[in-house]
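The opening position of the sequence shown corresponds to residue 1 in the UniProt record's numbering, with each subsequent residue numbered one higher. Presented below is the structure to which this report refers.
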Amino acid sequence: MVLVVQCHIAHNEMDKNFKVITPIKQTFMPKFERFEPLARDSTAICAFKQCDRKYFFQIVLGFRVPKGGVMIYLPFGSCYHVFRHHLELQFKIHGLMNLDKCLTPAWKEAEKGWPGNPLPGSSKWDYLTKEYLLVACLIAFNHWKNEKISGIYEILAVEQPFEVALDDGRTSGGKADVLLRWNSDPWGKDFKTTGKLPQWYERSELDPKDQFIRYTHGESVLIGEQIKGQIVEVLFHHKVTKTHDGKPFIRSFIIGYTPSQIQRWKNEQTIVERQIDICREEDVWPAKETFCSYCDYHSVCKMGTERGMAAKLQQNFIQKHWDFKNIDNTVEK
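This is how it looks when you write it as structure tokens:
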């Protein structure tokens, strides 16, 4: 049975239009407020595919790992996205003849979100410092500048959120980094950062990938024209080693989708949403043990008792709504 969800507006100063699903049943960890979003994006769906309970902790309850520390790659990627966004905003002000004037204002916006450098030796990500972020942004600026001079892309929109209906009436959401025209055809463009080598990134992070096909579908509905696919522009970063100079570099990957691929994906979303419905109706969120060793919530599930798990969540995580429309992917309580 397809669940008919009821929604209310979360009382939140940052976004009063953030709609959540009214809980049907609250027997598991009832002490916590719930924030399951009405519109599910790729982060939410991928969390459920990995583990039902991870979806509950991360998306329904809104618990997530604090940014910074050993997780410094999170604010690194976030600040990089802010930089790329503000380059386009500055371009609207200064234009093609004054591209260099776009750099400093964009960097000033990006560095605002930096939580502080990690301690040397604290993790394998300790090279991701503010200074390294600046180097990465300078490389990205020169890459962006060359694109503007060549005129390869016509920018249609930046940081464009979308919420569109699927075939069963559910809402699919996301936030496109860039919508553009390339050789007269509409494409989406997404910025990524990674510490993986290109061959491993291409193997594990591109297609099949829910985010890119979800964005292609959502952007197509948004503009009323079939988006061809996604241009995934990746900034690769690396620690200095005997075999690697550590210098960041950019490489782009092209992922195209046919109408039949989009339709198959929409059919699959109906099944996934029904599975989430069952968990919500029963308020039972089974753990999928095959993912445990890679999960941020491993220490929580190990506690055994519900009381112990709740205490661990409060001790090691912060609780924020998951809102994909917010550029930092957070809505403060």
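Don't be surprised by glycine CBs; every beta carbon is placed ideally from N, CA and C.
- Taken in chain order, the whole alpha helix (DSSP H) runs of length 4 or more contained in the region 260-333 are 298-301, 306-316.
- From the listed residues GLU268, THR193, ILE250, the smallest Cα separation to TYR73 is found for THR193.
- Note on geometry: alpha-carbon atoms of GLU306 and PHE28 lie some 8 Å from one another.
- Judged by their CB atoms, VAL272 and ILE45 are nearer to each other than the 8 Å cut-off.
- For a cut-off of 8 Å, the C-beta gap from ARG40 to LEU61 is around 15 Å, too long to register as a contact.
- With contacts defined by Cβ atoms closer than 8 Å, GLY195 and THR216 do not form a contacting pair.
- With contacts defined as CB atoms closer than 8 Å, PHE191 and TYR80 qualify as a contacting pair.
- In the three-state reduction of the DSSP assignment, ILE59 falls in the helix class, which pools H, G and I.
- With respect to LYS288, GLN58 sits apart: the two C-beta atoms are not nearer than 8 Å.
- If one requires a minimum length of 4 residues, the alpha helix (DSSP H) runs lying completely within the region 21-88 are 42-50, 52-55, in chain order.
- According to the DSSP assignment, PRO120 belongs to no beta strand (DSSP E), since it is labelled neither H nor E.
- PHE141 carries a helical assignment under DSSP once its states are collapsed to helix, strand and coil.
- Cβ-Cβ distances below 6 Å link GLN211 to SER42 in the same chain, with the five nearest sequence neighbours on each side left out; the list follows chain order.
- Per DSSP, reduced to three states, the secondary structure at PHE212 is helical.
- Counting other Cβ atoms within 10 Å of its Cβ, GLY116 stays below 16 and is therefore classed as exposed.
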